[in-house]
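Numbering (my numbering), first residue to last: 2 to 100. Beta carbons: idealized from backbone N, C-alpha and C, even for Gly. Accompanying notes for the structure given below.
Take a look at the structure:
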C-alpha cells in the first residue's frame, strides 16, 4: 500500500526507490501510513488462543518505536503480563476478511 501510494504521488519511480523512502522514515511516509491504517483494523492474538478473547480487533494508533502499546483493560483477556510476551498482529486486507 505504501509503496504504491509513493509511486502514485510521484515521490518514487520504482519499488526500490519507494523502499528507500520507507527505510529513511521521511514524514510523507508517516502521513501515508496514517491514511492507510484508517481503512484497516488490526487483530491482535496472543498464543495459545484458548478462548474467544484471545484474539481481538482494534483500530491502530501509530507510535514511535517497535513496541505495541495495549490498553490495560484488555490485558486480562490476553493474559498479558509484559515480561517479554509475544503477540501476533494480523492485518485483514480484503473486505471479506474484515467482516
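Check: Three CB pairs or more closer than 8 Å across the segment 68-79 and the segment 40-56; Outcome: yes
Check: Beta-ladder partner(s) of residue 91, from DSSP; Outcome: 44
Check: Sequence-distant residues of its chain with Cβ nearer than 7 Å to residue 92 (five each side left out); Outcome: 41, 43
Check: Sequence-distant residues of its chain with Cβ nearer than 6 Å to residue 38 (five each side left out); Outcome: 61
Check: Extent of the continuous beta strand (DSSP E) run through residue 59; Outcome: 56-59
Check: Spatially closest choice to residue 64 from 8, 73, 32, by CA coordinates; Outcome: 32
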